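Enquirer: Below is one structure. I have some questions about it.
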Amino acid sequence: MFPTHPRTRRASGGPAAPSAVRRLLTGAALATLALLPGVVSAQSSAPAPLYGQSWALVVGIDKYDKVRPRLNYAVADAREVAATLPALGFPKENTRVLLDAQATKANIEQVLYREFAGMGPNDRLFVYFAGHGETSDIKGGEEGYLLPVEADPKALPPTSISMDEVKRIGQRVRAKHVFFAIDACFSGFALTRDTLPKRGGDEYLAAVARLPTVQVITAGRKGEQAIEANGHGLFTRRLLDAFRGQADLEGHGYLTAAQLFSWVEQRVGRDSQGKMTPQYGKLDGEGQFIFTMPRIGGPPVVAVAPAPTVRMEPRTDVGSLYVTATLPGIEVWLGEQRLGETTTGQTLIVDNLGAGRHHLRATKSGYQEWRSEVSITPKGRTDAMIQLQPAAAGARPASEPPRVAALPPPAPVPSGALARALGGDRAPMVFVAAGAFLMGASDDDARATPAEKPQRTVTLSAYWIDQYEVTNAQWSVFRQAHGGGAATALTRDPRFAGARRPIVGATWDQAQEYCRWAGKRLPTEAEWEKAARGTDGRAYPWGEAAASSPPAQVGKTETSDVGSHPRGASVYGALDMAGNVWEWVLDWYDPSAYKRVATPANPKGPTIGGEKVLRGGSWWERDPASARTTSRHHQAPDRAHNNVGFRCVVSGDDQLR
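For the sequence shown, the working numbering assigns the number -1 to the initial residue and increments by one for each residue that follows.
What follows is the structure, given as structure tokens:
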């Protein structure tokens, strides 16, 4: 989704959400770790923290005394990492942050050896460093260095921290598990490569949790340039995504360092188009640093898998299918193979399933047959939810795929003027009449992700929505009148500047603040989708076809003036609902939100979460499918990017002035 731009961080071959989330393991993970001394009692009914205490040192340096060039986002990266740590179980009183002039070699050592002298043998220590890294040649090889603020490129050994010293730090402190995350590219240190086991079973987890270890992950190799992505380092952005729970693909509530690296490496390599190759391994010991993941909300998932299929030869082009259902006793078939019957509170898991499309079928006496096509990706997980409809007189034959009931034709565009100037910003707004519409993607839509399904009928009250995305000119008036909107460097970038270009670089909170100032609010996810697609379930605002040259600002290098693609208007007259910028909406993101309520009225999404929903695609998308009316994306509400903006809504009927 997000573009990347070269980061000025030095990388050389020579010189060169709500706070209610709690960090606790639950269920089977705690049962496994109950074997560990000082972790949890076998008789205890309440979960306990995995470690005795957790400690963290976070370092970010933009302004160096003697090293050039200056960095732009290392300090921002460090601050965001520090803000994320409490949800992972690192208390603020045990966390130190050193920024710019504070980040001297002496201060770093002072924190590790004196301020953290209270570390115990069952503790963990996490060290994050964002700044310059450098590699120099020595006899018989190379040596890598972390550069504190006073580092002298002409005298690296006495003024910098070598990777050998990093290893010694890990060995000197008393903490059992030590993990270094370094957002810099360099070489010159020996790592014991740590491969991810095929299955991290109970015995494996218990063993690596007992053993001491010193582990490290870096943004890339010597000679590679660290990449900056929308105000933050690409490596750190993916690290933060992992810390917010996205890397916990199976919902265990924890990640080992090896699992963390596997997830981050794939995404950094993909997003950088192979220009960054994160490095990982052990400097000492045989254990695993364990991260406990924040819980986003909702009931725990219980997954009970049948016995795995035994293969005669290894395969890499396989994935997993997770099948859940709302009823017990449903017979499930994959093609011509019977998988078994569903059970309340359990999940059917099919492992080692060949990549590609497969036909899934479900039957139960007294219910209509259910069919769906699922797409399996290599090493990925695909979720399928079975929802059967009771059989009734005149029901369609069992061989027909399920479909959502037909709705009346699209409501007409309001009579009179197409748009009216409403609210404190007097922005033109278009009217969306009360009534039902089709929300979400159909089961047979191969372009859609599981988070867009199932499709269902949603009823909304009447409202008005901005005809255009909020512009730089409107944002400027808001700042002058209200003083609440922070100026961003992004609005001065020539790719995004211009009075009629959409504002970019605003966080979700800032977008909400603007809407309140204008007497409006952000749209709910349902309101946004109805305004974009009307009531006939169309895939794009202009209709069903993507077209080779869609009437939208997608696949470009910059934003466009709002309203530049009039042929892309929705049936209500809203413009740029596809492309230009992703748009903040009101709802918290939950990938399974659509499955929780079948036919809601005026839905507002989950009550808590870690990320907010984004809708509509952006200028940067290379695939128009990302700009479909059902496409959902998400990011933390305090994040700002150069392809994210917003528009506002006002509740009320067509007589509103």
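We treat Cβ as the ideally placed atom computed from N, Cα and C, and that holds for glycine.
Since the structure is predicted, the reported quantities are computational estimates derived from the model, not experimental observations.
When you compare the stretch 211 to 225 with the stretch 238 to 247, are there three or more beta-carbon pairs, one atom per stretch, that lie closer than 8 Å?
Expert: The stretch 211 to 225 vs the stretch 238 to 247: no contact.
Enquirer: Within 10 angstroms of its Cβ, does R613 collect 16 or more other Cβ (buried), or is it exposed?
Expert: By the neighbour-count rule (16 or more Cβ atoms within 10 Å), R613 is buried.
Enquirer: At the level of alpha carbons, what is the spacing between Y320 and E107?
Expert: Their backbone Cα atoms lie some 48 Å apart in a straight line.
Enquirer: In angstroms, rounded to a whole number, what distance separates the CA positions of G566 and G541?
Expert: For G566 and G541, the distance between alpha carbons rounds to 9 Å.
Enquirer: In whole angstroms, what is the alpha-carbon distance linking A530 and F435?
Expert: The alpha-carbon atoms of A530 and F435 are separated by roughly 11 Å.
Enquirer: What residues are listed by DSSP as bridge partners for I374?
Expert: Answer is G354, bridged to I374.
Enquirer: Where does G643 sit, in a helix, a strand or coil, going by DSSP?
Expert: In the structure shown, G643 sits in a strand (DSSP, three-state: E or B).
Enquirer: Taking just the CA atoms, how far does L258 sit from Y202?
Expert: Spanning the two alpha carbons is a distance of roughly 16 Å.
Enquirer: Are there three or more Cβ pairs, one per stretch, closer than 8 Å when the stretch 175 to 182 is compared with the stretch 115 to 131?
Expert: With a cut-off of 8 Å, the stretch 115 to 131 and the stretch 175 to 182 count as touching, because enough Cβ pairs lie within range.
Enquirer: From D380 to G317, what distance separates their C-alpha atoms?
Expert: It should be pointed out that residue 380 corresponds to Thr in this sequence rather than to Asp. Straight-line Cα distance between these residues: approximately 8 Å.
Enquirer: So, helix, strand or coil for L258, using DSSP?
Expert: L258 falls in the helix class under three-state DSSP.
Enquirer: Classify D636 as helix, strand or coil using the three-state DSSP reduction.
Expert: Of the three classes helix, strand and coil, the one that applies to D636 here is coil, per DSSP.
Enquirer: I'd like the list of long-range same chain contacts for F342, defined as Cβ closer than 7 Å, with 5 residues on each side in sequence excluded.
Expert: According to the sequence provided, residue 342 is Thr. The question's Phe does not apply to it. P326, listed in sequence order.
Enquirer: Take A76 and list the residues in its own chain whose beta-carbon comes closer than 7 Å to its own, dropping the five residues that flank it on each side.
Expert: Here the set comprises V56, V57, G58, V95, L97, Y126, A128.
Enquirer: Nearest to G615 by alpha carbon, out of P119, A497, G577, G561?
Expert: Looking at the Cα atoms, G577 is the closest of the given residues.
Enquirer: Return yes when the Cβ of D282 is within less than 9 Å of the Cβ of Q169, no when it is not.
Expert: Their beta carbons are under 9 Å apart, which means Q169 touches D282 by this criterion.
Enquirer: If you reduce the DSSP assignment to three classes, tell me which class V648 lands in.
Expert: V648: strand per DSSP, three-state reduction.
Enquirer: Could you say if the stretch 500 to 507 and the stretch 636 to 644 meet the contact criterion of at least three C-beta pairs nearer than 8 Å?
Expert: The stretch 500 to 507, when compared against the stretch 636 to 644, does touch it at the 8 Å Cβ threshold.
Enquirer: Which residues bound the beta strand (DSSP E) around T380?
Expert: Element bounds for T380: 379 to 384.
Enquirer: Can you give the Cα-Cα distance for A99 and S158, rounded to whole angstroms?
Expert: Rounded to whole angstroms, A99 to S158 spans 15 Å at the Cα level.
Enquirer: Beta-carbon separation of P452 and Y592 under 9 Å?
Expert: Yes. Within cutoff.
Enquirer: Taking the alpha-carbon of L232 as reference, which of G279, D181, D443 has the nearest alpha-carbon?
Expert: Nearest option by C-alpha distance: D181.
Enquirer: How close, in whole Å, do the beta carbons of D423 and A516 come, if the pair is a contact with beta carbons under 8 Å?
Expert: So it is a contact: roughly 4 Å between Cβ atoms.
Enquirer: How big is the Cα-Cα spacing for P549 and A625?
Expert: About 11 Å.
Enquirer: Taking the straight line between their C-alpha atoms, what separation do you get for Q277 and A204?
Expert: The straight-line gap from Cα to Cα measures roughly 25 Å.
Enquirer: Would you mind stating whether E525 and A444 have Cβ atoms separated by less than 9 Å?
Expert: Contact flag unset, no.
Enquirer: Kindly provide the ranges of any beta strand (DSSP E) runs that are 3 or more residues long and lie completely inside the stretch 77 to 108, ordered along the chain.
Expert: Those beta strand (DSSP E) runs which fall completely within the stretch 77 to 108 and span 3+ residues are 93 to 97.
Enquirer: How many Å lie between E132 and M161 at the Cα?
Expert: Looking at the two C-alpha atoms, the distance is approximately 10 Å.
Enquirer: Using CA atoms only, rank isn't needed, just tell me which of F494, V147, R208 is closest to R68.
Expert: Considering only alpha carbons, the answer is V147.
Enquirer: Under DSSP, the beta strand (DSSP E) around R418 begins and ends at which residues?
Expert: It spans 418 to 420 - the beta strand (DSSP E) in which R418 sits, taken as one unbroken run.
Enquirer: Once DSSP output is grouped into helix, strand and coil, what is the label at W526?
Expert: Helix, per DSSP.
Enquirer: In chain order, what residues of the same chain lie with their CB nearer than 6 Å to the CB of P406, ignoring the 5 residues before and after it?
Expert: Note on P406: pLDDT 32, under 50, position unreliable in the model; no value is reported.
Enquirer: Can you say whether S558 is buried or exposed, counting buried as having 16 or more other CB atoms within 10 angstroms of its CB?
Expert: Per the 10 Å Cβ criterion, buried.
Enquirer: When the Cα atoms are used, what is the spatial distance from I167 to G138?
Expert: C-alpha separation (whole angstroms): 24 Å.
Enquirer: With H, G and I counted as helix, E and B as strand and the rest as coil, what does DSSP make of R424?
Expert: If DSSP states are grouped into helix, strand and coil, R424 belongs with coil.
Enquirer: Measuring straight from C-alpha to C-alpha, what distance separates N350 and K377?
Expert: Rounded to whole angstroms, N350 to K377 spans 9 Å at the Cα level.
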